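A.B. asks: Quick one: the structure is below, and I'll ask about it shortly.
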């Protein structure tokens, strides 16, 4: 135990082993829903579901160990909501990459992200992109996640005349989605710890009773047979595709800005920011190698710090619990899509809160942010929405004779997006 005190400097952080363990336990139960939700989303690319579960668990475990030891910070790293939607619905479904090429892009993005965090490029990028556009990206991704959640839950369906319409309320799947959504919202309002996890468990019980057909088969022993082929499964043929590089460039930007913003908000000790930022970058290299979508610093880490977590021991505790969750894999496939859909809808709503920080009073700031978050869900494409937002911002600043307010680096990025749109068209 003395070794833990020394490694994590518990006394200087005014904390104890017991407090750190309890904080790690709290954070794990708050974020554990990501195991099933992330696996459900990325398995839509063709990755076997059980392999997706293993990739998510191993990546979360090792990323938490990395953050705990490298930065000694109580910040959990997991495959993130938003970037997993980008992985599946943009990179694979919209851009046409194979899941092997998408994993290669994740690894390459992690390498680029790592280079950025260890060089002055981090400062260059943080000042290059206006805050309004960063918020617009978050809101747009949130809207896309909500839209996909509504589809997965059967609440909306395609319609030839109106594009979408409400789903059939006679379907058990729809009612289980509505029950899950109502339960989750109530738990959130009541500020119940582990609201996502509780919703997953109760929705699964309801589905087993009301709609057994939504439950996938019987539990089977844990097997690594489908997972091993995912490890380091690079598809170098993708390097010759323009869409591959567009996806890699866009993903890198999302990872840099999202992790930067989350860490700035989550870290109470700002001196830990450089190391924590580096750990978040390195974890993305592991994510691609281990067969899952990109990682982010989880907002749910705040539950750990609120519970007294101050050091990396909190993070390592959570990482160990991720590893222990392997014993539950045979039963996780019982969780219905309806419960996952409800979580996606609520997560999208939480991301929408960033809209409050967009300065709509300034047309040159507010409109580009609006274009960004409108185009992302309505074009079903994150890079398209970001591209139109950047281009609109550049045009409006020039038209308003306020181009000097914007660094030249931003105009370079906007020009690259314009070229990308032209080539994509």
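Residue numbers (our numbering): 10 to 434. A virtual CB, placed ideally from N, CA and C, is assigned to each residue, including glycine. Please read all numbers here as calculations on a predicted model, not as lab measurements.
Would you list the residues sitting across from residue 73 in a DSSP beta bridge?
C.D. replies: On the chain shown, residue 73 is found 64 positions in, with the first residue counted as 1. Residue 73 pairs with nothing; no bridge assigned.
A.B. asks: Could you round the C-beta distance between residue 35 and residue 316 to whole angstroms and report it? I think they count as a contact, below 8 Å.
C.D. replies: Position 26 of the chain shown, counting from 1, holds the residue named residue 35. Position 307 of the chain shown, counting from 1, holds the residue named residue 316. About 5 Å separates the two Cβ atoms, so the contact holds.
A.B. asks: For residue 184 and residue 178, what's the separation of their Cα atoms in angstroms?
C.D. replies: Working through the chain shown from its first residue, we reach residue 184 at position 175. Working through the chain shown from its first residue, we reach residue 178 at position 169. So the alpha carbons of these two residues sit roughly 7 Å apart.
A.B. asks: Under the three-state reduction of DSSP, which class applies to residue 54: helix, strand or coil?
C.D. replies: As a position in the chain shown, residue 54 is number 45, starting the count at 1. Here residue 54 sits in helix by DSSP.
A.B. asks: CB residue 155 to CB residue 354, shorter than 7 Å?
C.D. replies: Position 146 of the chain shown holds residue 155. Position 345 of the chain shown holds residue 354. Yes.
A.B. asks: Determine the direct distance from the alpha carbon of residue 313 to that of residue 323, and round the result to whole angstroms.
C.D. replies: Position 314 of the chain shown holds residue 323. Position 304 of the chain shown holds residue 313. C-alpha separation (whole angstroms): 7 Å.
A.B. asks: Using C-beta distances below 6 Å, list every residue in its chain close to residue 56, excluding the 5 sequence neighbours before and after it, in chain order.
C.D. replies: Start at 1 with the first residue of the chain shown, and residue 56 comes out as number 47. Excluding positions up to five away in sequence, the list reads 108.
A.B. asks: Give me whichever residues DSSP pairs with residue 168 in a beta bridge.
C.D. replies: Taking the chain shown and counting its residues from 1, one reaches residue 168 at position 159. DSSP, once it has assigned bridges, lists 172 as partnering residue 168.
A.B. asks: Can you name the start and end residues of the alpha helix (DSSP H) that residue 326 belongs to?
C.D. replies: Translated into positions along the chain shown, residue 326 becomes position 317. Residues 321–333.
A.B. asks: Apart from the five residues on each side of it in sequence, which residues of its chain come closer than 6 Å, Cβ to Cβ, to residue 100?
C.D. replies: Residue mapping note: residue 100 aligns to position 91 of the chain shown, counting from 1. The answer, listed in chain order, is 106, 111, 256.
A.B. asks: Can you list, in chain order, the residues of its chain whose CB lies under 8 Å from that of residue 283, leaving out five sequence neighbours each side?
C.D. replies: The sequence position of residue 283 within the chain shown is 274, counting from 1. 126, listed in sequence order.
A.B. asks: Quick check for students: name the residue ranges of the beta strand (DSSP E) that lie wholly in the region 93–152, counting only runs of 3 or more.
C.D. replies: Here no run is fully enclosed.
A.B. asks: Can you tell me which of the three DSSP states residue 386 falls into?
C.D. replies: Start at 1 with the first residue of the chain shown, and residue 386 comes out as number 377. In this structure, residue 386 counts as helix in the three-state DSSP scheme.
A.B. asks: Is residue 305 helix, strand or coil by DSSP?
C.D. replies: Counting from 1 along the chain shown, the entry for residue 305 is found at position 296. Strand at residue 305.
A.B. asks: Report the rounded CA-to-CA distance for residue 237 versus residue 124, giving the unit in angstroms.
C.D. replies: As a working note, residue 237 is residue 228 in the chain shown. As a working note, residue 124 is residue 115 in the chain shown. Using only the alpha carbons, I get a separation of about 28 Å.
A.B. asks: Please identify the residue among 52, 66, 31 whose C-alpha is closest to the C-alpha of residue 42.
C.D. replies: Here the question's residue 42 lines up with position 33 in the chain shown. Looking at the Cα atoms, 66 is the closest of the given residues.
A.B. asks: Does residue 372 pass the burial test, meaning 16 or more other C-beta atoms within 10 Å, or should it be called exposed?
C.D. replies: Sequence index remark: in the chain shown, residue 372 carries index 363 (1-based). With fewer than 16 Cβ atoms within 10 Å of its Cβ, residue 372 is classed as exposed.
A.B. asks: Provide the residue span of the beta strand (DSSP E) that contains residue 86, from first to last.
C.D. replies: Position 77 of the chain shown, counting from 1, holds the residue named residue 86. Start and end: 86–88.
A.B. asks: On the criterion of 16 or more Cβ atoms from any shown chain inside 10 Å, does residue 249 qualify as buried, or is it exposed?
C.D. replies: Position 240 of the chain shown, counted from the first residue, corresponds to residue 249. Exposed is the call here.
A.B. asks: Terminal residues of the continuous alpha helix (DSSP H) containing residue 268?
C.D. replies: By 1-based counting over the chain shown, the position of residue 268 is 259. Counting along the chain, the alpha helix (DSSP H) containing residue 268 begins and ends at 251–275.
A.B. asks: Residue 122 and residue 290: beta carbons closer than 7 Å?
C.D. replies: Translated into the one-based positions of the chain shown, residue 122 becomes position 113. Translated into the one-based positions of the chain shown, residue 290 becomes position 281. Yes; because the gap between Cβ atoms is below 7 Å, this pair is in contact.
A.B. asks: Please report the distance separating the alpha-carbon of residue 194 from that of residue 200.
C.D. replies: If you number the chain shown from 1, residue 194 lands on position 185. If you number the chain shown from 1, residue 200 lands on position 191. C-alpha separation (whole angstroms): 10 Å.
A.B. asks: Apart from the five residues on each side of it in sequence, which residues of its chain come closer than 6 Å, Cβ to Cβ, to residue 330?
C.D. replies: Position 321 of the chain shown, counted from the first residue, corresponds to residue 330. 37, listed in sequence order.
A.B. asks: Cα separation between residue 16 and residue 328?
C.D. replies: Numbered from its first residue, the chain shown carries residue 16 at position 7. Numbered from its first residue, the chain shown carries residue 328 at position 319. Each residue's alpha carbon lies about 17 Å from the other.
A.B. asks: Just mark residue 305 as buried or exposed, buried being the case when its beta carbon has 16 or more other beta carbons within 10 Å.
C.D. replies: As a first step, residue 305 is located in the chain shown; it is residue number 296 there, counting from the start. So residue 305 counts as buried.
A.B. asks: Count the other CB atoms, across all protein chains shown, that sit within 10 Å of the CB of residue 402; report buried if there are 16 or more and exposed otherwise.
C.D. replies: Along the chain shown, read from residue 1 onward, the residue named residue 402 stands at position 393. When all chains shown are included, residue 402 counts as buried.
A.B. asks: Touching or not, the region 405–414 and the region 373–383, by the rule of three or more beta carbon pairs under 8 Å?
C.D. replies: In short, these stretches touch, since the Cβ pair count reaches three.
A.B. asks: How many whole angstroms separate the CB atoms of residue 33 and residue 326, which I take to be in contact at a CB cut-off of 8 Å?
C.D. replies: Locating residue 33 in the chain shown gives position 24, counting from the first residue. Locating residue 326 in the chain shown gives position 317, counting from the first residue. Their Cβ separation, rounded to whole angstroms, is 3 Å, which keeps residue 33 and residue 326 in contact under 8 Å.
A.B. asks: Specify, as a first and last residue, the run of the alpha helix (DSSP H) that residue 32 falls within.
C.D. replies: Start at 1 with the first residue of the chain shown, and residue 32 comes out as number 23. Here the alpha helix (DSSP H) through residue 32 covers 26–40.
A.B. asks: Please classify residue 167 as buried or exposed, where buried requires at least 16 neighbouring CB atoms within 10 angstroms.
C.D. replies: Locating residue 167 in the chain shown gives position 158, where the first residue counts as 1. Classification for residue 167: exposed.
A.B. asks: Rounded to the nearest angstrom, what separates residue 260 and residue 295 at their Cα positions?
C.D. replies: As a position in the chain shown, residue 260 is number 251, starting the count at 1. As a position in the chain shown, residue 295 is number 286, starting the count at 1. Whole-angstrom Cα-Cα distance: 15 Å.
A.B. asks: Suppose the cutoff is 6 Å on Cβ atoms and the five residues either side in sequence are ignored; what does the same chain contact list for residue 198 look like?
C.D. replies: The count along the chain shown starts at 1 and reaches residue 198 at position 189. Around residue 198: no qualifying Cβ.
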